[in-house]
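Below is one structure, written out as structure tokens, with a few remarks after it.
Numbering (my numbering), first residue to last: 79 to 606.
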């Protein structure tokens, strides 16, 4: 086995060396950070998709109006300040001086307004904000205001949403792209610039320092504060085999792996030049999403049957392996949080008799269920085989369809029946910071065709979510949050699979300054 690994490492070394030589830049003393990200990237529009690899790309080249710091407080980022009127119906936001797009043009209020509208057309939290908004109007070139129809106490929280979909700011000409179409212009105002001419899907994506970016003066704190690019160039390399990536790191051919598989942690710990870093100590949640448009999961009893057939422990053991890293949890809004109600044995201890009865009552006719499996995504590529076995014990027939993550991302957006290129089930992962609040959690939206992939349609949960957003009393808001959780689990929008912490690996003899956060933060990293 060791010989095979050495041969794989040698092959990787030769391939990486050739790629690096081809991508070399003649600038003197240029520093290049080479990283293996958790997936290859093929879709570049972080508003069109919620894929985390595209979100990460967004943080490289775009900035946000507000951002969460290490204390989980939402701080101004592109914004200099904001004010709220006495009646709570007008929120006025002023931009910082000197903000520019990477093409040298100034950032304006009109840019931000267009960006917010496009984001709000796709994101569940954004939809709630825009529903409560009468108008977003420009006051001058760097000041704009939300005029609300009714109080909405979470304006800044919405604009500071840390994960997919993140309300990234884009130039007006880009933000006016139809929300249901992908953008083609990647001009941003973030710490790095995307080098489209060097992008090779399946091989690498390249970024360079944005010399026009104006960081805040404060020290960096998670996603807030000064975003200072301390390397000249960043390359994300697409190495899908975990062993090959680890061997490349050990050999010094790359600098960082975003998410090495836990099985290979012992190899990493054995090298004194390598450090494991819990960059997402707050954790992530894996979910199994149902497509409610087509049989069998257009029937709630089929969704309930599937949930009573599942056992989280087996799936987490297959996906994560180390019980020190993962946590069994059937709370849709995350265990241990304000709204994190748990639900007994559901998803923990299967009740196959109940699952079979519910499946029969649903009228399931034995048509194979199309379950998508992203073979190259280390955060959720092992759970499918286990889920298939568990669901088949309850009477489902499962057609496991293996493909890369970007194909899953494209296919899950299709509303056609499974036999025509659609789907029934897929798995995904998101950070807990985006899931512990019923107003932010996109999976909880029951807004039909506007809902997140799977498109659940449930007016009752939308009434509850609207009341939750408006409510300012903490006790009443908690009551509403628990009611949303109950409705969500009863209707089976999705099945929580459990939680785990994310660790990265890097060469500590070269790199310093990696900040902890819910996303891999690449600004502030220095390389010797």
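Don't be surprised by glycine CBs; every beta carbon is placed ideally from N, CA and C.
Close-in-space but distant-in-sequence residues of the same chain around residue i (CB under 6 Å, 5 per side omitted)
{"i": "residue 101", "result": "The predicted position of residue 101 is uncertain, since its pLDDT is 46 and thus under 50; no value can be drawn from it."}
{"i": "residue 188", "result": "216, 250"}
{"i": "residue 132", "result": "121, 124"}
{"i": "residue 505", "result": "366, 458, 461"}
{"i": "residue 606", "result": "588"}
{"i": "residue 242", "result": "128, 133"}
Run of the alpha helix (DSSP H) containing residue i, from where it starts to where it stops
{"i": "residue 557", "result": "552–569"}
{"i": "residue 395", "result": "390–397"}
{"i": "residue 325", "result": "320–328"}
{"i": "residue 534", "result": "Unbroken run through residue 534: none, as it is neither H nor E."}
{"i": "residue 289", "result": "Run containing residue 289: none; DSSP gives neither H nor E here."}
{"i": "residue 485", "result": "483–489"}
{"i": "residue 237", "result": "233–237"}
Close beta carbons around residue i, own chain, < 7 Å, minus the five adjacent residues each side
{"i": "residue 41", "result": "The requested residue 41 is not part of the displayed model; the chain covers only 79 to 606."}
{"i": "residue 273", "result": "284, 285, 286"}
{"i": "residue 415", "result": "514"}
The ligand COA heavy atom lying under 7 Å from the CB of residue i
{"i": "residue 240", "result": "Absence of the ligand COA from the depicted structure is noted, as is the absence of any ligand whatsoever, leaving it without description."}
As assigned by DSSP and simplified to three states, the class of residue i
{"i": "residue 131", "result": "helix"}
{"i": "residue 105", "result": "Residue placement at residue 105 cannot be trusted, given a pLDDT of 44 that sits under 50; what the coordinates show is reported in the next sentence. Of the three classes helix, strand and coil, the one that applies to residue 105 here is coil, per DSSP."}
{"i": "residue 162", "result": "strand"}
{"i": "residue 419", "result": "coil"}
{"i": "residue 595", "result": "coil"}
{"i": "residue 577", "result": "strand"}
{"i": "residue 194", "result": "helix"}
{"i": "residue 405", "result": "strand"}
{"i": "residue 375", "result": "coil"}
{"i": "residue 356", "result": "strand"}
{"i": "residue 603", "result": "coil"}
{"i": "residue 427", "result": "coil"}
{"i": "residue 361", "result": "strand"}
{"i": "residue 471", "result": "helix"}
{"i": "residue 213", "result": "strand"}
{"i": "residue 99", "result": "Residue placement at residue 99 is poorly supported in this model, since its pLDDT is 44, which falls under 50; the coordinates still yield a value, given next. DSSP places residue 99 in helix when its eight states are reduced to three."}
{"i": "residue 248", "result": "coil"}
{"i": "residue 278", "result": "strand"}
{"i": "residue 218", "result": "strand"}
Start and end residues, beta strand (DSSP E) containing residue i
{"i": "residue 449", "result": "447–452"}
{"i": "residue 456", "result": "Premise fails: residue 456 is in no beta strand (DSSP E) and is neither H nor E."}
{"i": "residue 260", "result": "Looking at the DSSP string, residue 260 is not in any beta strand (DSSP E), and its letter there is neither H nor E."}
{"i": "residue 226", "result": "221–226"}
{"i": "residue 347", "result": "Counting along the chain, residue 347 falls outside any beta strand (DSSP E), though it belongs to the alpha helix (DSSP H) covering 343–347."}
{"i": "residue 508", "result": "503–509"}
{"i": "residue 145", "result": "144–146"}
{"i": "residue 314", "result": "311–315"}
Close beta carbons around residue i, own chain, < 8 Å, minus the five adjacent residues each side
{"i": "residue 349", "result": "328"}
{"i": "residue 218", "result": "187"}
Residues that DSSP places opposite residue i in a beta bridge
{"i": "residue 334", "result": "113, 584"}
{"i": "residue 157", "result": "173"}
{"i": "residue 296", "result": "Partner(s): none; residue 296 has no beta bridge."}
{"i": "residue 178", "result": "184"}
{"i": "residue 412", "result": "DSSP lists no partner for residue 412."}
{"i": "residue 271", "result": "286"}
{"i": "residue 366", "result": "505, 573"}
| field | Cβ contact check for the segment 586–594 and the segment 403–421: 3 or more pairs under 8 Å | value | Cβ pair count under 8 Å is below three, so no.
| query | Is there contact between the segment 574–581 and the segment 348–367, where contact requires at least three CB pairs shorter than 8 Å? | reply | yes
| query | Does the count of Cβ pairs from the segment 379–399 and the segment 459–477 closer than 8 Å reach three? | reply | yes
| Within the chosen definition, does the segment 293–313 reach the segment 142–152 through at least 3 CB pairs nearer than 8 Å? | Result yes; three or more Cβ-Cβ pairs closer than 8 Å.
| message | Using a Cβ distance threshold of 8 Å, determine whether the segment 279–294 contacts the segment 309–320, with at least three qualifying pairs required. | response | yes
| said: Three Cβ pairs or more, each shorter than 8 Å: is that satisfied between the segment 368–385 and the segment 429–446? | reply: yes
| Would you say the segment 239–256 touches the segment 192–211, given that touching needs at least three Cβ pairs under 8 Å? | At 8 Å Cβ cutoff, the stretches touch.
| message | Using 8 Å as the cut-off, can you tell me whether the segment 488–501 makes contact with the segment 365–376, which would need three or more C-beta pairs spanning the two stretches below that distance? | response | Verdict: yes, contact present.
| request: Count the C-beta pairs between the segment 556–566 and the segment 324–338 that are closer than 8 Å, then say yes if the count reaches three, no if not. | output: No, the segment 556–566 does not touch the segment 324–338.
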